[in-house]
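When we follow the numbering used here, the leftmost residue of the sequence shown carries the number 6, and every step to the right adds one.
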Amino acid sequence: MAPEVSPPSTSRNVAVIGAGAAGLVAARELRREGHSVVVFERGSQTGGVWAYTPNVEPDPLSIDPTRPVIHSSLYSSLRTNIPRECMGFTDFPFSTRPENGSRDPRRHPGHSEVLAYLRDFAKKFEIEEMIRFETEVVRAEPAADDRRKWRVESRNSDSISDQIYDAVVVCNGHYTEPRHAQIPGIDSWPGKQIHSHNYRVPDQFRDQVVVVIGSSASGVDISRDIAKVAKEVHVSSRSTKPETYEKLPGYDNLWLHSTIETVREDGSVVFPSGKKVYADTIMHCTGYKYYFPFLDTNGEVTVEDNRVGPLYKHVFPPSLSPGLSFIGLPWQITPFPMFELQSKWVAAVLSGWVTLPSKDEMMEDTKMFYAKLEDLGIPKRYTHLMADDSQFEYDNWLADQCDYPRIEKWREQMFYIGYKRIYAQSSTYRDNWDDDHLIAEAYEDFESRKHTMAPSLSPIKSHHVAVIGAGAAGLVAARELRREGHSVVVFERQKQVGGTWIYTDHVEPDPLSVDPTRPIVHSSVYGSLRTNLPRECMGYRDFPFVIRSGESRDPRRFPSHREVLAYLQDFAKEFGIEEMIRFETAVERVAPATESDGEAGNMKWRVESTEKEKKVRRDEIYDAVVVCNGHYIEPRLAEIPGISSWPGKEMHSHNYRIPEPFKDQVVVLIGNSASAVDISRDIAGSAKEVHVACRSNAADTFIKQSGYSNLWMHSMIERVHEDGSVVFQNGKIISADVIMHCTGYKYHLPFLDTNGIVTVDDNRVGPLYKDVFPPALAPWLSFIGIPWKVVPFPMYEFQSKWLAGVLSGRIMLPSKDDMMKEVKSFYATLEAQGIPKRYTHQMGFTQFEYNNWLASQCGCSGTEEWRKEMYLTTGVRRREYPETYRDEWEDHHLVSQAYQDFSLYTQ
Numbered sequence: 006m007a008p009e010v011s012p013p014s015t016s017r018n019v020a021v022i023g024a025g026a027a028g029l030v031a032a033r034e035l036r037r038e039g040h041s042v043v044v045f046e047r048g049s050q051t052g053g054v055w056a057y058t059p060n061v062e063p064d065p066l067s068i069d070p071t072r073p074v075i076h077s078s079l080y081s082s083l084r085t086n087i088p089r090e091c092m093g094f095t096d097f098p099f100s101t102r103p104e105n106g107s108r109d110p111r112r113h114p115g116h117s118e119v120l121a122y123l124r125d126f127a128k129k130f131e132i133e134e135m136i137r138f139e140t141e142v143v144r145a146e147p148a149a150d151d152r153r154k155w156r157v158e159s160r161n162s163d164s165i166s167d168q169i170y171d172a173v174v175v176c177n178g179h180y181t182e183p184r185h186a187q188i189p190g191i192d193s194w195p196g197k198q199i200h201s202h203n204y205r206v207p208d209q210f211r212d213q214v215v216v217v218i219g220s221s222a223s224g225v226d227i228s229r230d231i232a233k234v235a236k237e238v239h240v241s242s243r244s245t246k247p248e249t250y251e252k253l254p255g256y257d258n259l260w261l262h263s264t265i266e267t268v269r270e271d272g273s274v275v276f277p278s279g280k281k282v283y284a285d286t287i288m289h290c291t292g293y294k295y296y297f298p299f300l301d302t303n304g305e306v307t308v309e310d311n312r313v314g315p316l317y318k319h320v321f322p323p324s325l326s327p328g329l330s331f332i333g334l335p336w337q338i339t340p341f342p343m344f345e346l347q348s349k350w351v352a353a354v355l356s357g358w359v360t361l362p363s364k365d366e367m368m369e370d371t372k373m374f375y376a377k378l379e380d381l382g383i384p385k386r387y388t389h390l391m392a393d394d395s396q397f398e399y400d401n402w403l404a405d406q407c408d409y410p411r412i413e414k415w416r417e418q419m420f421y422i423g424y425k426r427i428y429a430q431s432s433t434y435r436d437n438w439d440d441d442h443l444i445a446e447a448y449e450d451f452e453s454r455k456h457t458m459a460p461s462l463s464p465i466k467s468h469h470v471a472v473i474g475a476g477a478a479g480l481v482a483a484r485e486l487r488r489e490g491h492s493v494v495v496f497e498r499q500k501q502v503g504g505t506w507i508y509t510d511h512v513e514p515d516p517l518s519v520d521p522t523r524p525i526v527h528s529s530v531y532g533s534l535r536t537n538l539p540r541e542c543m544g545y546r547d548f549p550f551v552i553r554s555g556e557s558r559d560p561r562r563f564p565s566h567r568e569v570l571a572y573l574q575d576f577a578k579e580f581g582i583e584e585m586i587r588f589e590t591a592v593e594r595v596a597p598a599t600e601s602d603g604e605a606g607n608m609k610w611r612v613e614s615t616e617k618e619k620k621v622r623r624d625e626i627y628d629a630v631v632v633c634n635g636h637y638i639e640p641r642l643a644e645i646p647g648i649s650s651w652p653g654k655e656m657h658s659h660n661y662r663i664p665e666p667f668k669d670q671v672v673v674l675i676g677n678s679a680s681a682v683d684i685s686r687d688i689a690g691s692a693k694e695v696h697v698a699c700r701s702n703a704a705d706t707f708i709k710q711s712g713y714s715n716l717w718m719h720s721m722i723e724r725v726h727e728d729g730s731v732v733f734q735n736g737k738i739i740s741a742d743v744i745m746h747c748t749g750y751k752y753h754l755p756f757l758d759t760n761g762i763v764t765v766d767d768n769r770v771g772p773l774y775k776d777v778f779p780p781a782l783a784p785w786l787s788f789i790g791i792p793w794k795v796v797p798f799p800m801y802e803f804q805s806k807w808l809a810g811v812l813s814g815r816i817m818l819p820s821k822d823d824m825m826k827e828v829k830s831f832y833a834t835l836e837a838q839g840i841p842k843r844y845t846h847q848m849g850f851t852q853f854e855y856n857n858w859l860a861s862q863c864g865c866s867g868t869e870e871w872r873k874e875m876y877l878t879t880g881v882r883r884r885e886y887p888e889t890y891r892d893e894w895e896d897h898h899l900v901s902q903a904y905q906d907f908s909l910y911t912q
């Protein structure tokens, strides 16, 4: 076995077919191992067989191959036949939810509670982001040019897709294609036949005589359900003696028989005991067939008399392993924990952590297993039945393969006791039990898992983390840290979330924001500001920035700053982030409280803060600090020859809000990035003249901006004079009232004391590994949101996922020396390319490679192609059509792709 936290040796692109219990846990385990996962689900929700519908198929026996198939076999009254404690995944207990009044608290709950549990599981582990809903796999086969890969053809309402994957994991369940009893004389019998697959409620059987074939779980439940309204119910079971004829206790209309001997055209049903009844309906509660209509292996995997084979350990077909696998074939088991263990095994095999025997050895093992079944007289159709000790032997074998804890003894005993009670007390076992000592053990176990989780589980470690700032970076950092199991406190000096997106009409008394004693205004947003990225591109990946109803909301594709703030407030509310935030609390100082005790050693951080309203000063110790304080507060200023004697007004765009103060003035703006473009046009509506000086323009530039009579583009300012004149490099001279610096901002970390380990030098924050971790202080100090010229929110999300996984121990960083070596190499590359230090954190197109690297570390999908293309397309249009790009566009196909993705989160 490989070390518990070493990264997987191989990351594969895996298709999972089905989003029921097996598919959900398979997706989770595959992603935990670092694989890229797509889950195909033909329904519109997770849950598989647990998604109830009142609809049934038009063919009551479900024989017609052209019938519209209903992918649910649940009846309305169904309750679990296994206790919830026994049934749940090992690291996500199926415990009661007393805080939610709509939930079913019973120990053997109804099907809707199981569905809710699976949805909770999917939400907790963010599985829905991997699922393509309402997408049916119509064909899965080895790729023609490389049999180690798999071609998966799928279709939804809009399109057919044909993609290549490294592996396919089949999790489509086995409760859709019914099996039927063979009944002599049935062709001429005049009554109605139905399979339990199409049973929902008993009302249609009122005053009828019904024969139910089968005495397993569904036969027991349905016979008793129907007995409430039927005239008579007769249960036919092949496990009883031929002479059996018993009235079941507690019922005056329910009898037990052996199998049907024959049926006749007069409507009679004859049993071996000699009893004869005239029945209206025969219901087949006779189970299901394994059914894989999409799977084409050219005969290498077959279904013969309900044996799927050949399969090594019920999972891998030897000749196609590990590229094809099956999760969830065994039956009469405790399903969810077994699915989990099978999934861990498959994921580890695909990553290379666990090695399979040779194909010949697997085939030999499988043949021996089949021979053993034959010697014991067990029919093929029972190949995957594991009712006895064999399921726990099997589970424990899987656990040993994965270096994971074996099945708990309480779970094993609870299953055995419950199984016996199903048959001994079939009418009452769900509500009366005598294994309270096992329940106590289970809940003790559940409680301990909250604090100390097993080595292979996530999170491995939980830390107390301080997040500085509740803007877009701080909010998503807090969410991801808490999702990973860390304890989080967010410090926010303002009284609301939103950071730089909080507008205020207040400005600083020093218009250049140079005076270090000035009262600082923590907003650089101007009144007319609209986003320069489309909302679809801009939002977090699992919380789309879609249009929301409400009078105060801005439905435009490039909305105002108010809409972005409202979106961030929605995000904070949706994920309960405000409960972690200390508002109006300024962090005064952050410094190491202890030194790191070695390469992987822990260190602590002292965080000193002041709460404004209560005037409370705190001095606290945290395991880690995440800096998310943004970089739009401390202005950068242009160097202008002669400026000290120039008599006009200077200001920075940080202190610009509205154009009215510039009415009839001559204004020079320095800069040509987003704020300069916006503000120059904003002011041009009021000012006498506006002149934009930009260092990226040629020295002789002098261009009147199209569509404006008072707006000119220049090269840089050559100098200014005490007579108020401004001289440009092109030789043009104007007399100006105001010079506005739209020249960006400096990274500013006045609270951070690292004794010189982390510095800001010519706007380079460093040294930082991957713009996040200072090697000498990693992972206990980190920064989210340093890169610029990016799509910010999704990048913050990727950085936060990585950081949270590193802190929990689920993701490993390189050694401090290796990180430092990589940082130095990166800086040397920038220098060799002539890129100044101040552009260290500028990314542009390289952001997508960076995002995808982060995603690969976290085991999640990278940047969507539509988002990348939308960013690039918008950039081109912003340069070509600065006046109109926000309201006119031609990337409707990308918008459509985006909303197709969003449907996973907005339904």
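Think of the CB as a built atom: it goes at the ideal place given N, C-alpha and C, for glycine as much as any other residue.
Computed from a prediction, not measured in an experiment: that's the story for all the values here.
Member of the options whose CA lies at the smallest distance from the CA of residue i
i	options	result
residue 424	243, 221, 578, 70	221
residue 748	212, 126, 832, 657	657
residue 445	415, 467, 473, 426	415
residue 847	904, 885, 775	775
residue 118	134, 92, 354	92
residue 849	796, 893, 807	796
residue 234	211, 248, 303, 253	211
residue 353	323, 447, 643, 39	39
residue 753	634, 843, 841, 837	634
residue 467	481, 412, 811, 214	811
residue 589	567, 561, 622, 769	622
residue 223	85, 58, 129	85
Residue j beta carbon less than 8 Å from that of residue i
i	j	result
residue 404	residue 334	no
residue 772	residue 721	no
residue 19	residue 170	yes
residue 94	residue 45	no
residue 259	residue 238	yes
residue 800	residue 856	yes
residue 665	residue 691	yes
residue 339	residue 87	yes
residue 610	residue 598	yes
residue 762	residue 779	yes
residue 331	residue 316	yes
Opening and closing residue of the alpha helix (DSSP H) in which residue i lies
i	result
residue 395	395 to 407
residue 116	116 to 129
residue 566	566 to 579
Residues sharing a beta bridge with residue i, DSSP
i	result
residue 3	Residue 3 lies beyond the stretch modelled for the chain, which goes from 6 to 912, so this question has no answer here.
residue 97	94
residue 250	262
residue 294	182
residue 740	730
residue 674	697, 745
Residue range of the unbroken beta strand (DSSP E) whose run includes residue i
i	result
residue 688	Counting along the chain, residue 688 falls outside any beta strand (DSSP E), though it belongs to the alpha helix (DSSP H) covering 679 to 689.
residue 611	610 to 616
residue 766	764 to 766
residue 873	It is not in any beta strand (DSSP E) - residue 873 instead sits in the alpha helix (DSSP H) that spans 870 to 885.
residue 717	716 to 719
Residue i CB to nearest heavy atom of the ligand GDP below 7 Å
i	result
residue 560	Although the ligand GDP was asked about, the structure shown includes no ligands whatsoever.
Complete runs of the alpha helix (DSSP H) confined to the region 531 to 558 [at least 4 residues]: 540 to 543
Length at least 4, wholly inside the region 758 to 835: the alpha helix (DSSP H) runs in chain order: 797 to 813
Complete beta strand (DSSP E) runs within the region 615 to 659 (minimum length 3 residues, chain order): 621 to 627, 629 to 632, 654 to 657
Runs of beta strand (DSSP E) lying entirely within the region 149 to 200, each at least 3 residues, in chain order: 155 to 160, 165 to 170, 172 to 175, 197 to 200
Segments of 4+ residues assigned as alpha helix (DSSP H) that fall wholly inside the region 361 to 393: 364 to 380
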